[in-house]
C-alpha cells in the first residue's frame, strides 16, 4: 500500500518557522525600539514676585553615553549619564559642559497616555498647559486641643501652652523633598508629645490646669505664612490666654546641644521660665540648651523662625532647634540631602523627653523638684517605635505645599493621628496671596533608546 504524500507536514513546518521568525522579529523590534524606561524628577520651577526661578521648559533628544568614553570621543550633542557619586567637578570644569540632575524631560502627555520627547514647534498648546499647571499656594493647618481641668467655681479661662511644628518642605526636586530632619523631626516630636499628654489628660487626677494647643502648620519654607494665617484666625481671648508657644524645628540631627531662639529679651519673665525649665531638664538628661535672642524687625515682613510670627502678635514664643543660626529663605527646608539616613532617631527621642518634661514642670509646678513624669520603662515613657515609624513615613513622603492636594493621603493621615490624641482637630485651609507661583508636575518617565546599527 502506497503511503500518502507528506507535503502538508512540510507546509506545517514551514508555517511554524515563519511564525517563529515573526515573533523573533517582533521581539527584536521591541528591543531596538525602547531599551529602558526610568523615573526622572523635575527640578523645581517657580516665580517669586514675578521673577522666574528654577528649571524652564526644555526638550531632550540626544545620544546618550556613559562616563567610560574614549579620550578622543566627540561629545557634542551627547548626554552623559553619570552616577552622582562618580561625578568629579574638575572633570566637569575641564570639558566645560552643563551639569544637571536627571529631571523632568518635558514630554507633556496627552490623555491617551502617549508621550513625546521632542518639540513639534507648536507653542500654543504649551502656553495652555502652563496656564493650567500654575499653582495657587494653598496652606492647610491642623490644630488639635487638649482641655485643662478647671476647679469648681473657677470662672477664669485656663492658660494655654501651644506646641507647634511646620510640616511642609521645599527642595530642588519637589518629588524628592522629604525633609526627614527639616521638619520631619519636629512633626514626629509634636505627635509623640501629644500622645504622652493625652495619656495624662485622659485622667482627671493627672490633667493639668493648662490647655494644650497643638498646631501642625503649613507654609514653613514660605515665611511661615500658614502660621501667620492660623494665628490671625484666633480670637483675642484665646490669643491672650497663651502663656507661651514652643515651636519645633530640625531636632533630629544633634549630639550635645540644642538652641532656644527667642525674640523677647531674656529678662522677660516667661522667657526666663522657659529657659530655666528646659535647662534643668537638659542637665538631667546629660546635654546643654543654649539661649539665643534676636529682635524682630517689625518693618520687615521676613521672619527667620516660626516663633517670630507669634512675637509679631505679642505672644511669647520660642523655637527649639539644633541650628544655632536661622537659615536663609528657602534654605534648610527639606532638600535632597535631608533624608532618613542623616537623622538620628535617638536624638528625636531625647528631644521629646526634653520637651515633655519641661512642659510638665511648668504645668504641674515641679520647678526645683527632681520629678520625672515620663520616666523610662514607665507607661508614660517615650515610645521609640512610635518615633521610628512616623519618621520612616515622613522620610518617604514629599511635602512641598503646592503639590499637596486638598485630600492628600498624607494630610488625611496626619489629621487622623492628631485626632487619636487630641480634640477639636480640623483642617484650616487658606489661599495665600503670596509672592510665589509654582508650576507642575514633579515626575516623569525618561525613554532611553538603544541603537543597534
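In full-length UniProt numbering, the protein residues as written are 1 to 453.
Glycine residues also receive a C-beta, built at the ideal position from the N, C-alpha and C atoms.
This one's a predicted model, so the numbers in the text were calculated from it and none came from an experiment.
- Do you know offhand how far residue 165's Cα is from residue 192's? Walking along the chain shown from the start, residue 165 turns up at place 165. Walking along the chain shown from the start, residue 192 turns up at place 192. One C-alpha to the other measures close to 12 Å.
- Item | Start-to-end residues for the alpha helix (DSSP H) that takes in residue 426 | By 1-based counting over the chain shown, the position of residue 426 is 426. Residue 426 -> no alpha helix (DSSP H), and no H or E assigned at all.
- Task: Hey, could you find the ends of the alpha helix (DSSP H) residue 449 is sitting in?
- Result: Your numbering for residue 449 matches position 449 in the chain shown. Run containing residue 449: none; DSSP gives neither H nor E here.
- Once you ignore the five residues that flank residue 76 on each side, which residues in its own chain have a CB closer than 6 Å to its CB? Within the chain shown, residue 76 is the residue found at index 76, counting from 1. Cβ neighbours of residue 76 beyond the five flanking positions: none.
- When burial is assigned at 16 or more other CB atoms within 10 Å of the CB, is residue 338 buried or exposed? Position 338 of the chain shown holds residue 338. Result: buried.
- Report yes if the CB atom of residue 220 is closer than 8 Å to the CB atom of residue 347, and no otherwise. As a first step, residue 220 must be located in the chain shown, where it is residue number 220. As a first step, residue 347 must be located in the chain shown, where it is residue number 347. No.
- In or out: residue 449 buried (at least 16 other Cβ within 10 Å) or exposed? The residue given as residue 449 occupies position 449 in the chain shown. Its Cβ having fewer than 16 others within 10 Å, residue 449 is exposed.
- Just reading off the alpha helix (DSSP H) that residue 290 is part of, what are its end residues? Within the chain shown, numbered from 1, the residue matching residue 290 stands at position 290. Under the DSSP assignment, residue 290 falls outside any alpha helix (DSSP H), being part of the beta strand (DSSP E) whose first and last residues are 288-293.
- Span of the beta strand (DSSP E) around residue 63: To locate residue 63, count along the chain shown from 1; it is residue 63. Start and end: 63-65.
- Query: So which of 286, 287, 305, 289 has the shortest CA-CA distance to residue 295?
  - Reply: Start at 1 with the first residue of the chain shown, and residue 295 comes out as number 295. Ranking 286, 287, 305, 289 by Cα distance to residue 295 puts 305 first.
- Hey, out of 374, 275, 217, 299, whose CA is closest to residue 244's CA? The count along the chain shown starts at 1 and reaches residue 244 at position 244. Checking every option, the nearest Cα to that of residue 244 belongs to 275.
- Query: How is residue 226 classed by DSSP in three states: helix, strand or coil?
  - Reply: Walking along the chain shown from the start, residue 226 turns up at place 226. Three-state DSSP puts residue 226 in a helix.
- Three-pair Cβ contact test at 8 Å for the stretch 330-344 versus the stretch 169-187: The stretch 330-344 is in contact with the stretch 169-187.
- Task: Measure the alpha-carbon distance for residue 378 versus residue 372 and round it to whole angstroms.
- Result: Indexing the chain shown from 1 puts residue 378 at position 378. Indexing the chain shown from 1 puts residue 372 at position 372. Each residue's Cα considered, the two are about 10 Å apart.
- With residue 177 as the anchor, note down where its beta strand (DSSP E) starts and where it stops. Against the chain shown, residue 177 aligns to sequence position 177. Segment: none, residue 177 is in no beta strand (DSSP E) and carries neither H nor E.
- So is residue 391 buried or exposed if we call it buried at 16+ other beta carbons inside 10 Å? For the purposes of this step, residue 391 is taken as residue 391 along the chain shown, with counting starting at 1. With 16 or more other Cβ atoms within 10 Å, it is buried.
- Message: Just list the residues that DSSP pairs residue 166 with in beta bridges.
- Response: Within the chain shown, numbered from 1, the residue matching residue 166 stands at position 166. Per DSSP, 217.
- Proximity below 8 Å, CB of residue 464 to CB of residue 313: Since the first residue shown for the chain is 1 and the last is 453, residue 464 is missing from the structure and cannot be characterised.
- Message: By the three-class DSSP mapping on this structure, what secondary structure does residue 321 have?
- Response: Reading the chain shown from its first residue, position 321 is the one you call residue 321. Residue state, collapsed to three classes: strand.
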